[in-house]
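Here the structure comes first, spelled out in structure tokens, and everything after it is commentary.
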Ligand code: ATP
């Protein structure tokens, strides 16, 4: 198992956002985390990436407990994420945005940077090359020198994924990557997630686009009101009575059937 989530609960004042949620992610799989609005999905991402500590329970990554770690230490361990709302450096170039994502892997300290030692120059060249490779993966090579804010919406979302990939993750958490995308952009996103999986990076995906979820996920965990109500293959989830009930009355785009 890459990630083990063991009986995680989280309350914010009076709001019980998560209650005793447990699940595991196997290496190399795409695991979907779905549920109606307010079910606790993003809160779970925030627990895994140490944005907030859980009220109780434990999360471990490759058998190491993540308890007490800071967000940057989570990144160093090999877990990265994207956010529901785009958080790029809008005025930096596409290439620079990806280079920033790699900074947690740099070993050059202040002095070596100031004196521009040979090793510092080598490291800089390696970061440049790595950013080029990632832009190739996310299909943005031709926009390398464009300013991030001038990209189309779908391209910006792909750049966010590229920036996350630059941290050399073993596990990537994608929070609603298809939100606001048109059909073509969603199809490209499907191909990109498949490509990420083929690079042996494990994927945890929050997504409301059910056709995408059903097509791309190996397994799915369903939350409702902060509790896990189901876990299984897309086919098992599609026909699960409790899941169908949880989704009744939600908007059509969210419909599980
Ligand atoms: P959506 O699909 O709408 O993004 P979600 O499943 O990601 O929803 P969360 O954002 O995790 O749901 O929210 C779960 C519950 O926790 C909600 O009731 C939300 O209002 C509450 N919540 C989340 N973060 C906080 C916070 N920082 N402070 C207070 N309440 C919070």
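In the numbering used here, the protein residues as written are 7 to 263. Even for Gly, the Cβ is constructed at its ideal location relative to N, Cα and C.
Residue closest to residue i, alpha-carbon to alpha-carbon, out of the options
i	options	result
residue 1	32, 93 and 59	Look at the range of the chain in this structure, 7 to 263, and you will see that residue 1 is not part of it.
residue 201	127, 24, 62 and 168	168
residue 41	242, 235 and 240	235
residue 144	124, 100 and 95	100
residue 12	233, 105 and 29	29
residue 182	27, 43, 253 and 19	43
residue 93	107, 81 and 82	107
residue 77	95, 67, 63 and 58	58
residue 194	174, 240, 159 and 247	159
residue 239	231, 227, 126 and 109	227
residue 45	21, 138 and 198	21
residue 139	124, 161 and 174	174
residue 199	221, 189 and 214	221
residue 233	19, 25 and 223	25
Beta-carbon gap between residue i and residue j smaller than 8 angstroms
i	j	result
residue 47	residue 177	no
residue 185	residue 90	yes
residue 155	residue 97	yes
residue 56	residue 39	no
residue 165	residue 103	yes
residue 203	residue 84	no
residue 192	residue 218	yes
residue 187	residue 163	yes
residue 210	residue 37	yes
residue 136	residue 172	yes
residue 27	residue 208	no
residue 10	residue 65	yes
residue 212	residue 51	yes
Helix, strand or coil at residue i according to DSSP, with G and I counted as helix
i	result
residue 230	strand
residue 31	strand
residue 246	coil
residue 288	The chain is shown only over 7 to 263; residue 288 falls outside these bounds and no answer can be derived.
residue 202	helix
residue 209	strand
residue 95	coil
residue 125	helix
residue 181	strand
residue 68	coil
residue 168	helix
Chain D contact for residue i (CB, 8 angstroms cutoff)
i	result
residue 161	Protein chains in the displayed structure number just one, and chain D is not present.
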